[in-house]
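Some notes on the structure that comes next.
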């Protein structure tokens, strides 16, 4: 059985890698120049965080794998990100809704993780917390503009919220890995973030004049066993193509 | 160009560019804010966020001001003479005008 | 907009006197600012040149953006994303500089999308391999830097200032591209072949970036007289070749020009003649990717219309609420 901290770091790292990758797909295709720049900033923050987290994961594992080996040479079944991160970008409403829900989640988790007894992890969490604060702010402002903007934006953001909401049911589940880390003072209880997250989400939805979504969240913690959507396979095929085609090559 | 009282027509609004804002950044504590450039934003909050993303990626600022371009009042070049020259020849406003005995410090 | 209202305090009869004064200012190396009087032709040339430059930065995001999702490791992924982001920023600085001349950015973008505005033809070539990203950084950004360093002294203040900011940020772009190729040339046989193939395809188009020979360039003479350009096309092209050939030699890349030879006496690298037929074909819109590039920009603009409109609708609602609260 692998070291729980290794699994935990993969979860954090994979999520940021996959979400950062999705956001980077917008580069050159955003709705306005200023947003191309903003999204690229957020993507860079996330990929940077992934680099640190996966790098630490490789050290903890102790088998000589670095961040690139973990990012570019694992199959979809070995990835530990939450499925919401891997869904296609959709329209800008879905992109912002998904970014908001996941950043708000990250914000609440990182808040607790800053006090991890693992010094390096605490340091990464502190840096990521500052960056994530901005991600929440930026995406929240868009939700408000979409909800309290035009007829069309309201319709689109409503649809996006219903779709994304289905995936949020599994954000706060704890398993043996989480319990073990909590016992060691390395990471907070995932469920502890739920009330703060809900409060944050409700506050933004209210500012956006949007009703809370009615979609019933899906259950299932399978993503921690590598049960993903079909989207992740395609994402990784594209992302990993060069590393796979030229094994051992340096770039 | 859409101003504060532009017609509330969605189709037309989508076609105009968001208003122009001027961005001023303060490179460090105690230094003055300098003009960094401009950008387009629909409102003040996004103007501030965009300014942060566009003009401070390389850590160039500790503070940002954004101002709508049409709120800026500027002096006119044709008035530059009467506007600025009288100040240039009032020597008594410059420290060099005053003679201080040699060796006296901090005056 | 008060920033751009031209100084209208004198009568049309002063025209020749004002023109003489303007040219004297240029000769003295003065900076022309937005509210200064300027000949209409100067204003038009600047709008054309600056907007074309801005369009090029934006369209330039596409060939490189094409490889962000396939960048081969995390460092390259972040480096490329940061570079493309910088290009968006550069386009933005220059559009805003152009707006000081009294034209709306929306109008400039409309000209790009309806095909009436030009942008640098180099971006109409496809990026077929990862090595193309290295070649673009090294050669295309390298050529752009030669041009931009000169433009940092342009006579129009807002353009020069945008260029100073851009030049500072460009440093890492060229270095990143060169490092990518250098790494490939130290790699596997397949990687070395990839690098050489990319340079074979990007070398000549990079030379074409400097435009036609000065005698065939309709705008050159005027732009030189007005201090918008300080050097001719051929001089800049020669400067680029002279600085680039040793860089190619240093990493073992062969430039695809059998006529390339060092002239000891002149102290320059002489090079072969550019295929001007290809140059004019691509400039006129029949390059390999012209349609794809514009198509991508049109789609982004169309898909984004509702987003821009929503933000404006929200801003309008906020203003109305503020007004009714104040009342």
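Protein chains in written order, with the working numbering: chain A, 12 to 262; chain B, 6 to 112; chain C, 809 to 1135. Note that CB positions come from ideal geometry on N, CA and C, so glycine has one too. Small disclaimer: the values here were computed from a predicted structure and weren't measured.
Residue(s) in a DSSP beta bridge with residue i
i: residue 68/B; result: 31/B
i: residue 39/B; result: 30/B
i: residue 1078/C; result: 1069/C
i: residue 25/B; result: 45/B
i: residue 964/C; result: 840/C
i: residue 73/B; result: 26/B
Residue i at chain A interface by Cβ criterion, 8 Å
i: residue 885/C; result: yes
i: residue 881/C; result: yes
i: residue 25/B; result: no
i: residue 812/C; result: Reliability of the predicted coordinates at residue 812/C is poor, the pLDDT of 47 falling under 50, and the value obtained from them is presented with this limitation in mind. Taking Cβ atoms only, chain A never reaches closer than 8 Å to residue 812/C, which makes this a no.
i: residue 816/C; result: Caution is warranted here: a pLDDT of 49 is assigned to residue 816/C, below 50, making its placement in the model unreliable, and the coordinate value is therefore given only provisionally. So no, residue 816/C is outside the interface.
i: residue 943/C; result: no
i: residue 877/C; result: yes
i: residue 75/B; result: no
i: residue 59/B; result: yes
i: residue 50/B; result: yes
Spatial distance of residue i from residue j (CA atoms)
i: residue 11/B; j: residue 911/C; result: In this predicted model, residue 11/B has a pLDDT of only 40, less than 50, meaning its place in the structure is not dependable; the value taken from the coordinates is given anyway. Each residue's Cα considered, the two are about 18 Å apart.
i: residue 874/C; j: residue 247/A; result: 16 Å
i: residue 1026/C; j: residue 1003/C; result: 36 Å
i: residue 1103/C; j: residue 927/C; result: 14 Å
i: residue 920/C; j: residue 1098/C; result: 12 Å
i: residue 209/A; j: residue 223/A; result: 10 Å
i: residue 992/C; j: residue 944/C; result: 14 Å
i: residue 839/C; j: residue 19/A; result: 58 Å
i: residue 110/A; j: residue 982/C; result: 33 Å
i: residue 1091/C; j: residue 923/C; result: 12 Å
i: residue 1047/C; j: residue 882/C; result: 35 Å
i: residue 877/C; j: residue 253/A; result: 11 Å
i: residue 46/A; j: residue 115/A; result: 20 Å
i: residue 150/A; j: residue 172/A; result: 13 Å
i: residue 1131/C; j: residue 1117/C; result: 21 Å
i: residue 211/A; j: residue 866/C; result: 36 Å
i: residue 898/C; j: residue 957/C; result: 14 Å
i: residue 987/C; j: residue 62/A; result: 20 Å
i: residue 1136/C; j: residue 971/C; result: Nothing about residue 1136/C can be reported from this structure: the residues present for chain C run from 809 to 1135 only.
i: residue 962/C; j: residue 968/C; result: 5 Å
i: residue 174/A; j: residue 166/A; result: 13 Å
i: residue 26/A; j: residue 91/A; result: 7 Å
i: residue 1100/C; j: residue 233/A; result: 41 Å
Short CB-CB distance (under 8 Å) between residue i and chain B
i: residue 52/A; result: yes
i: residue 809/C; result: For residue 809/C, the predicted structure reports a pLDDT of 39, less than 50, and the residue's modelled location is therefore unreliable. A value from the coordinates is still provided. Yes, contact with chain B.
i: residue 205/A; result: no
i: residue 843/C; result: yes
i: residue 210/A; result: no
i: residue 828/C; result: no
i: residue 48/A; result: yes
Test: residue i CB closer than 8 Å to a CB of chain C
i: residue 39/A; result: yes
i: residue 68/B; result: no
i: residue 79/B; result: yes
i: residue 239/A; result: no
i: residue 92/A; result: no
i: residue 19/B; result: Caution applies to residue 19/B, whose pLDDT of 43 falls short of 50 and renders its modelled position unreliable; the value that the coordinates give is listed next. With 8 Å as the cut-off, residue 19/B counts as an interface residue toward chain C.
i: residue 71/A; result: no
i: residue 100/A; result: no
i: residue 56/B; result: no
Interface residues of the region 31–46 of chain B facing chain C [CB-CB below 7 Å]: 42, 43, 44, 45
Against chain A: residues of the region 987–1018 of chain C by CB proximity under 7 Å: 991, 995, 996, 998, 999
Complete runs of the beta strand (DSSP E) confined to the region 990–1044 of chain C [at least 3 residues]: none
Completely contained alpha helix (DSSP H) runs for the region 836–919 of chain C, where each covers 4 or more residues: 848–873, 882–907
Contacting positions in the region 897–909 of chain C - beta carbon closer than 9 Å to chain B: 897, 900, 901, 903, 904, 905, 907, 908
Positions along the region 1103–1132 of chain C whose CB lies within less than 9 Å of some CB in chain A: 1104, 1105, 1107, 1108, 1109, 1111, 1112, 1113, 1114, 1115, 1116, 1117, 1118, 1119, 1120, 1121, 1122, 1123, 1125, 1126
Members of the region 147–161 of chain A that neighbour chain C once the beta carbon cut-off is set at 8 Å: 155, 156, 157, 159, 160, 161
Positions along the region 102–128 of chain A whose CB lies within less than 7 Å of some CB in chain C: 103
4 or more residues per run - each alpha helix (DSSP H) lying fully within the region 97–141 of chain A: 103–124
Secondary structure, alpha helix (DSSP H): runs of 4+ residues fully inside the region 212–244 of chain A: none
Members of the region 163–189 of chain A that neighbour chain B once the beta carbon cut-off is set at 9 Å: 163
Contact set between the region 854–873 of chain C and chain A, restricted to residues whose Cβ is under 8 Å from the partner: 866, 869, 870, 873
Residues within the region 908–931 of chain C neighbouring chain B, beta-carbon criterion of under 7 Å: 912, 913, 914
Within the region 20–102 of chain A, ranges of the beta strand (DSSP E) (whole runs, at least 3 residues): none
In chain order, each alpha helix (DSSP H) run of at least 4 residues that lies wholly inside the region 1079–1112 of chain C: 1084–1089
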